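**Student:** Numbered per the working numbering, the sequence shown spans residues 66 to 488. By construction, the Cβ of each residue, glycine as well, lies at the ideal position given by its N, Cα and C atoms. Keep in mind that this is a model prediction, so the values were computed, not measured.
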Amino acid sequence: METTETTETTEATEATETRGSGPETDQSLLTYPFHRPSAVEVPPVYEELRAKCPVAHVRLPSGDEGYVVSRYDDVRTVLADARFSRAATIAPDAPQLTGTPPVPGSLFTTDAPEHTRLRRLVSREFTARRVQNMRPRIQELTDGLLDEMAKAEGPVDLNAALAFPLPVMVICELLGVPFEDRDRFREWSDAFVSLTAHTAEETAAQRQQMIEYLAALVGRKREEPTDDLMGALVAAHDEEGSLNEYELIVMAATILVAGHETTVSMIGKMVLTLLRHPEHMAALRERPELMEHAIEELLRVNPIGDGGPLRITLEDVEVGGTVIPKGSAVLAAVCSANQDPARFPGAKADEFDPARPEAVHHVAFGHGPHFCLGAALARAELQIVLSSLLNRFPGLRLAEDVESLELTTGMMVHGLTRLPVTW
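1) Measure the alpha-carbon distance for residue 337 versus residue 215 and round it to whole angstroms.
2) Does the segment 338-352 come within contact of the segment 425-443, defined as at least 3 CB pairs closer than 8 angstroms?
3) Under a Cβ-count criterion, where at least 16 other Cβ atoms within 10 Å of its own Cβ denotes burial, should residue 286 be classed as buried or exposed?
4) Where does residue 277 land, buried or exposed, given buried means 16+ other C-beta within 10 angstroms?
5) Quick one: using the 10 Å Cβ neighbour count with 16 as the cut-off for buried, is residue 509 buried or exposed?
6) Consult DSSP for residue 149 and reduce its assignment to one of helix, strand or coil.
7) Curious, which full-length alpha helix (DSSP H) runs of at least 4 residues does the segment 116-197 contain?
8) Any chance you could list the alpha helix (DSSP H) runs of at least 4 consecutive residues sitting entirely within the segment 328-386, in chain order?
9) Which residue from 210, 424, 334 and 135 puts its Cα closest to that of residue 117?
10) Should residue 158 go down as buried or exposed, given a rule of 16 or more other Cβ atoms within 10 Å for buried?
11) Which stretch, first to last residue, makes up the beta strand (DSSP E) that contains residue 395?
12) Provide the residue(s) that pair with residue 485 in DSSP beta bridges, ordered along the chain.
13) Are the CB atoms of residue 257 and residue 329 within a distance shorter than 7 angstroms?
14) Per DSSP, what kind of secondary structure is residue 476 in: helix, strand or coil?
15) Starting from residue 296 and walking both ways along the alpha helix (DSSP H), at which residues does that stretch end?
16) Given a cut-off of 7 angstroms, decide if residue 176 and residue 152 are closer than it, judged by their beta-carbon atoms.
17) Sorted by chain position, which residues of the same chain lie with C-beta nearer than 7 angstroms to residue 222's C-beta, five sequence neighbours on each side aside?
18) In terms of alpha-carbon separation, which member of 106, 388, 342 and 194 lies closest to residue 133?
19) Within a Cβ cutoff of 8 angstroms, which residues of the same chain sit near residue 423, ignoring the five residues on either side of it in sequence?
20) Measure the beta-carbon distance from residue 294 to residue 239 and round it to whole angstroms, keeping in mind my assumption that it falls under 8 angstroms.
21) Which same chain residues end up closer than 7 angstroms to residue 369 when comparing Cβ atoms and leaving out the 5 residues on each side of it in sequence?
22) When you compare only the Cα positions, how much space is there between residue 318 and residue 164?
23) Which whole-angstrom value is the C-beta distance of residue 161 and residue 129, which I expect to be below 8 angstroms?
24) Reducing DSSP to helix, strand and coil, say where residue 94 ends up.
25) Any contact between the segment 466-475 and the segment 101-113? By contact I mean 3 or more CB pairs, one from each, below 8 angstroms.
26) For residue 279, which residues from the same chain have a beta carbon less than 7 angstroms from its beta carbon, with the 5 sequence-adjacent residues on both sides left out?
27) In this structure, does DSSP put residue 388 in helix, strand or coil?
28) Which of the three DSSP states is assigned to residue 490 in this structure?
29) In three-state DSSP terms, what is residue 432?
30) Which residue from 454, 112, 199 and 345 puts its Cα closest to that of residue 487?
31) Just checking, does the segment 300-308 make contact with the segment 197-211 on the three C-beta pairs under 8 angstroms criterion?
32) So, at 7 angstroms on beta carbons, what are the nonlocal neighbours of residue 333 in its own chain, with the 5 sequence-adjacent residues on each side left out?
33) In whole angstroms, give me the CA-to-CA distance for residue 202 and residue 188.
34) Where does residue 459 land, buried or exposed, given buried means 16+ other C-beta within 10 angstroms?
35) How about residue 186 and residue 172: do their beta carbons lie closer than 7 angstroms?
36) Am I right that residue 401 and residue 115 are in contact with their C-beta atoms under 8 angstroms? What's the rounded C-beta distance?
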């Protein structure tokens, strides 16, 4: 494993002293990703950046330079403005986030109209109505995992018992992928979202293994058609010609990774937040109707990562008083935007307040044309799993001190490495 983000820190207080309103010299670059002092804090550098340097010049893990945007309104601009392109990230001379170039032709590396065409092919599988119909099955899967968890004596790792298997079960059933291969999915997914945890060679090899696996699965779906999302994608290729073979496989890989990686991380972090606030946990147990809004606040205070996928400016763009030159790499720091006191006033913006009325304005699922396709499904899973867990284990508590918990490092998605609980 390569060096992790905790060894790659430059303090904002030092950097902002040398920074002007235009592009900085190399000596003033911050190193991205930023340092997280514990499993329950976002990088404290963001507070300084929002106040003094809302568009920060950074050195990315690839070695390329880029910009990190930290204020709420500016983040929404980057997420929605067509001048910040996803498709431009695959150009041969484009600055990169990591040493491994992004996968072309995916939902994450296309702009309209290609992105619109690809998204339309799968959006019907993630509508609110379709997700509502899935809720009984999600509840059934959750109850089964909680039954197994209840049989255990002594502390259990909630990650292994619940947070990991549930989202994988759900996305495997939806997509039509064998759940027994889940451990392989985990390895492949980790490579897809790696910043510094894997070498470029390791990432490329894992990606290729996943592509080959899905190509073979497509072949089996052709021989024996199935009533699932993968079967529908195969039909879209074979019967409608609305996507080519490469796009079909990349779409399946994108959904498989994005459909579980973020939710796995979010379940553990949300449970930890509730365990650290037993008074709120008790209130949600007594008044389950409050859970839906509490989920929005939990999404706000528990970012899955520091910034969304990289974007490239198609022209000079002024953001937050800084002109970002054409061809620059830009990251929208969603975790910072969601704790911007200018948008989330009242109680401290970094504190969990399940009654916070502004919570619904978070950008945890993004904003604009790339708004998370699976947001409705993720919300359903989170509502079901948290409500069921609180009801089933009223005495649920941490089995270790919170200081002993750690987040994964060197990844685009930050999840707890383990979450020991007892009851």
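**Tutor:** The answer reads as follows:
1) 19 angstroms
2) no
3) buried
4) exposed
5) Examination of residue 509 is not possible in this model, given that the chain is present from 66 through 488 alone.
6) strand
7) 137-145 and 179-188
8) 343-351 and 356-366
9) 135
10) exposed
11) 394-397
12) 222
13) no
14) strand
15) 294-300
16) yes
17) 483, 484 and 485
18) 388
19) 408, 409, 410 and 411
20) 6 angstroms
21) 327, 330, 331, 478 and 479
22) 20 angstroms
23) 6 angstroms
24) coil
25) yes
26) 314, 317 and 318
27) strand
28) Any question about residue 490 goes unanswered here, given that the chain covers just 66 to 488.
29) coil
30) 454
31) no
32) 223, 224, 228, 480, 481 and 484
33) 20 angstroms
34) exposed
35) no
36) 6 angstroms
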